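In what follows, a structure is listed as structure tokens, so that the remarks can point back to it.
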Amino acid sequence: MKKKVTVLIIDDVDQSKIIDALKKQLKRKCEFEAISIRTTDVELREDGSDHLDVRKLKERIKDLISSKHINWALTDFNLSEDDIDGINAVSYTHLRAHET
700 MKKKVTVLII DDVDQSKIID ALKKQLKRKC EFEAISIRTT DVELREDGSD
750 HLDVRKLKER IKDLISSKHI NWALTDFNLS EDDIDGINAV SYTHLRAHET
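Residue numbering for the sequence shown follows my numbering, starting at 700 and increasing by one per position.
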């Protein structure tokens with residue numbers, strides 16, 4: 700049985716090519732799952748604005764990674780936002796461990 704590797708990707712641009720390349724490289728060695736969050740998605744914007752709603756981002760991350768073991772987290776440091784960067788976004792992955 701192949702080991703499962705789950706990668707969380709948080710970026711402001713589409714990373715489909717990176718995901719496809721990772722799948723191609725890793726398919727013989729492991730089962731690969733990519734969870735991709737694009738911070739420029741309309742669903743993550745504050746109502747009526749182009750600004751990222753951090754609360755919505757936290758909820759999206761929580762929903763997508765609940766009950767999953769994340770092996771790798773990949774993010775762009777510059778997420779085109781003044782008050783959030785890639786380090787902040789990845790830190791939100793720990794929310795589920797602290798909430799009860």
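The beta carbon of each residue, even a glycine, is placed where N, CA and C say it ideally should be.
As the structure is a prediction and not an experimental result, all values here were calculated from the model.
Exercise. Smallest Cα separation from lysine 755: which of Asp775, Ala788, Ile708?
Worked result: Ala788
For this session: Would you kindly check if the distance between the Cβ of threonine 774 and the Cβ of isoleucine 718 is under 8 Å?
Result: no
Problem set entry | Inter-residue Cα distance where the pair is threonine 739 and leucine 778 | 9 Å
For this session: Put lysine 767 into one of helix, strand or coil per three-state DSSP.
Result: coil
Exercise. Taking DSSP as the reference, what is the three-state secondary structure of isoleucine 717?
Worked result: helix
For this session: List the whole-angstrom C-beta distance separating isoleucine 734 from leucine 707, where the pair is believed to meet the contact cut-off of C-beta under 8 Å.
Result: 5 Å
Problem set entry | 8 Å CB neighbourhood of arginine 800 in its chain, flanking five on each side removed | As displayed, the chain neither begins before 700 nor continues past 799, which places residue 800 out of reach and without an answer.
Problem set entry | Among Val753, Ala772, Leu763, the one whose alpha carbon lies nearest that of aspartate 781 | Val753
Problem set entry | Other residues of its chain near leucine 763: CB distance less than 6 Å, five sequence neighbours each side excluded | Ile734
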